[in-house]
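Peer 1: Chains as they are written, first to last, in my numbering: chain A, 1 to 245; chain B, 246 to 476.
Just so you know, even glycine gets a beta-carbon here, dropped at the ideal spot from N, CA and C.
Just so we're clear, the structure is a prediction, and the values are computed from it rather than from any experiment.
A single structure is presented below for examination.
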């Protein structure tokens, strides 16, 4: 297929240049999805990420139609992308109409949206699947080995794009952390004082009581401190483990 | 300001070894050297609940002025933090209507002018860089620019520094945790909320002409009968 290696080289160098320039995650992902569509002749491409709060989230899609399908997938909590992330392995369905039993909700929804084929590649970070690159076709499309490899490369670039944050966002995050750390320290000290006052013990004992309480209930110390200071936990009930059980 | 001046200030701050226990003191000393007309400087983290932690100060005088801010809960630094903009007071006696109590307490320890700059990143405010001088007089516009750049550079250095060495090491230097614990203790004993408890601590400090840190020490050691603080 003449010209394809050139196109690949150009597209990949655009993406890596974007990464080197410190472009934000969104623009890198947009480059990745459009490269997928162009180089793999896909009808649509979507990037999905595991949401730490649960579920899977669409972070980038080459068009709204793809977004629709990906959203269906998120809602259905099943589908090739979910499988590929769970198993940390590529999942292909060359003909979705033959795989309707495999994903009873996703399959028919995708077919209704006009898609016939899907290739889902896990995106890995630190040896863990953190999301998936999904390449969709409107007709049955098996992948040659070079296409699978290129898909893998693009999935890796998508991860790089995502794990790269501009300085501004990084600084914001650090600032939030510093602020949170200050507030946490103040809150813990308040809680220690409240426990000491409520139980007529000294502050060292009160600090130990809070740490023991946190450990005994397998909760973070900051949660206990917050509960004491916001009134949801009676400071008189925070007591060393020995007195608790 | 030309880029070279900015680079120079950034370099001066960068030369303060991150991770050193007295990093913030060294940075404060840099501010005194770099900003013309300033004799004392302090870096203080502040929170919306009016808690504060002085990371470091160029000398005990500047650190004492931070404590006055804390005890009184007012002053140019408190205002700079609240509003998010610099507060420049060339002559405390002239501006004393704004902070009558701070002006009196500050004048008593020999400060005549105060320049407070917020340490902030975007919408997140962390504290203030406070500059002090003994004689009245404003900063030149170059000096104000220097101070603004320093506040900026210091904020970034502070964040990177926190990232690298962990918060505990950074904040051991000067902290008012005793005040926070005493506030909690009073709240539990008097059955009032934390804000009221802190206000009473401050009121008592003010009435007895002591710092809120000293009063907190007495509360923790149970040297002050509660009824004296019951307000």
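Within the continuous alpha helix (DSSP H) that includes residue 154/A, where are the two ends?
Peer 2: That run of the alpha helix (DSSP H) goes 145 to 163.
Peer 1: Taking Cβ-Cβ distances below 8 Å as the criterion, which residues of the region 267 to 299 of chain B are in contact with chain A?
Peer 2: Hits within the stretch, in order: 290, 292, 294, 296, 298.
Peer 1: Just curious, the alpha helix (DSSP H) that residue 425/B is in, first and last residue?
Peer 2: First-last of the alpha helix (DSSP H) with residue 425/B: 422 to 435.
Peer 1: Taking a contact to mean a Cβ-Cβ separation below 8 Å, would you say residue 282/B touches residue 382/B in this structure?
Peer 2: Their beta carbons are under 8 Å apart, which means residue 282/B touches residue 382/B by this criterion.
Peer 1: Any beta carbon from chain A within less than 8 Å of residue 335/B's own beta carbon?
Peer 2: By this cut-off, residue 335/B is not an interface position.
Peer 1: So is residue 437/B in contact with chain A if we call contact Cβ pairs under 8 Å?
Peer 2: Cβ-Cβ to chain A under 8 Å: no for residue 437/B.
Peer 1: By Cβ distance below 7 Å, which residues in the same chain neighbour residue 431/B in space, the five residues on each side in sequence not counted?
Peer 2: 442, 445, 446, 464, 474, listed in sequence order.
Peer 1: Considering just the uninterrupted stretch of the alpha helix (DSSP H) at residue 204/A, what are its terminal residues?
Peer 2: From DSSP, the alpha helix (DSSP H) with residue 204/A extends over 203 to 216.
Peer 1: Assign residue 180/A to buried or exposed, taking buried as 16 or more other Cβ atoms, counted over all protein chains shown, within 10 Å of its Cβ.
Peer 2: Exposed, since its Cβ has fewer than 16 Cβ neighbours within 10 Å.
Peer 1: When the Cα atoms are used, what is the spatial distance from residue 337/B to residue 279/B?
Peer 2: Between residue 337/B and residue 279/B, the C-alpha separation is close to 23 Å.
Peer 1: Under three-state DSSP, which class holds residue 193/A?
Peer 2: Looking at residue 193/A - three-state DSSP - the assignment turns out to be helix.
Peer 1: Are at least three pairs of beta-carbons, each pair with one atom in the region 190 to 207 of chain A and one in the region 133 to 150 of chain A, less than 8 Å apart?
Peer 2: Result no; under three Cβ-Cβ pairs closer than 8 Å.
Peer 1: Output, in sequence order along the chain, the residues in the region 390 to 406 of chain B whose CB is closer than 9 Å to any CB in chain A.
Peer 2: Here the close residues are 400, 401, 403, 404, 405.
Peer 1: Within 8 Å of any Cβ in chain D, is that where the Cβ of residue 14/A sits?
Peer 2: Absent here is chain D; the protein component of the structure consists of chains A and B.
Peer 1: What are the residues that DSSP puts in a beta bridge with residue 256/B?
Peer 2: DSSP lists no partner for residue 256/B.
Peer 1: When the cut-off is 8 Å and only beta carbons count, does residue 429/B lie next to chain A?
Peer 2: Interface residue, yes.
Peer 1: Which residues does DSSP pair with residue 315/B in a beta bridge?
Peer 2: Paired residue(s): none; residue 315/B is not in a bridge.
Peer 1: Measuring straight from C-alpha to C-alpha, what distance separates residue 16/A and residue 157/A?
Peer 2: Those two C-alpha atoms are separated by around 8 Å.
Peer 1: Kindly say whether residue 31/A, judged by its beta-carbon, lies nearer than 8 Å to any beta-carbon of chain B.
Peer 2: Chain B, which has no Cβ nearer than 8 Å to the Cβ of residue 31/A, makes this no.
Peer 1: Using a Cβ cut-off of 8 Å (strictly closer), state whether residue 185/A contacts chain B.
Peer 2: It does; some Cβ of chain B falls within 8 Å.
Peer 1: Could you check the C-alpha separation between residue 123/A and residue 86/A for me, to the nearest Å?
Peer 2: Answer to the nearest angstrom: the Cα atoms are 11 Å apart.
Peer 1: Give the C-beta separation of residue 319/B and residue 347/B to the nearest angstrom, bearing in mind that I take them to be a contact with Cβ-Cβ under 8 Å.
Peer 2: Rounded, the Cβ-Cβ distance is 5 Å, consistent with contact.
Peer 1: On the three-state DSSP scale, how would you describe residue 341/B?
Peer 2: It is coil, neither helix nor strand.
Peer 1: Given a threshold of 16 other Cβ atoms within 10 Å of its Cβ, counted over all protein chains shown, does residue 237/A qualify as buried or as exposed?
Peer 2: The residue is exposed, with fewer than 16 neighbouring Cβ atoms inside 10 Å.
Peer 1: Could you give the residue range of the beta strand (DSSP E) that holds residue 370/B?
Peer 2: Segment 369 to 378, the beta strand (DSSP E) holding residue 370/B.
Peer 1: Among 423/B, 399/B, 316/B, 284/B, which residue has its Cα nearest to the Cα of residue 232/B?
Peer 2: Because residue 232/B is not part of the residues shown, which for chain B are 246 to 476, the question remains open.
Peer 1: Name the two residues that bound the continuous beta strand (DSSP E) containing residue 91/A.
Peer 2: From DSSP, the beta strand (DSSP E) with residue 91/A extends over 91 to 93.
Peer 1: Between residue 465/B and chain A, is the shortest Cβ-Cβ distance under 8 Å, so that the two count as touching?
Peer 2: At least one chain A Cβ lies under 8 Å of residue 465/B.
Peer 1: Touch check for the region 207 to 224 of chain A and the region 253 to 263 of chain B: three-plus C-beta pairs under 8 Å?
Peer 2: Counting Cβ pairs under 8 Å, fewer than three are found: no touch.
Peer 1: May I have the straight-line CA-CA distance separating residue 403/B from residue 145/A, to the nearest angstrom?
Peer 2: The alpha-carbon atoms of residue 403/B and residue 145/A are separated by roughly 50 Å.
Peer 1: If the cut is a Cβ gap below 7 Å, which residues of chain A does residue 371/B touch?
Peer 2: Chain A residues near residue 371/B: 175, 178, 179.
Peer 1: For residue 140/A, which residues from the same chain have a beta carbon less than 8 Å from its beta carbon, with the 5 sequence-adjacent residues on both sides left out?
Peer 2: The residues are 94, 95, 116, 117.
Peer 1: Residue 466/B to residue 392/B, Cα distance in whole Å?
Peer 2: One C-alpha to the other measures close to 41 Å.
Peer 1: I believe residue 387/B touches residue 286/B by the beta-carbon criterion, under 8 Å. Please report the beta-carbon distance rounded to the nearest angstrom.
Peer 2: Between residue 286/B and residue 387/B the Cβ distance is about 17 Å, and since that is not below 8 Å, they are no contact.
Peer 1: Candidates 422/B, 364/B, 350/B: which alpha carbon is nearest residue 454/B's?
Peer 2: For the residues 422/B, 364/B, 350/B, the minimum Cα distance to residue 454/B belongs to 350/B.
Peer 1: Should residue 204/B be labelled buried (16 or more other beta-carbon atoms within 10 Å of its own) or exposed?
Peer 2: Any answer about residue 204/B is impossible in this case: the structure gives chain B only from 246 up to 476.
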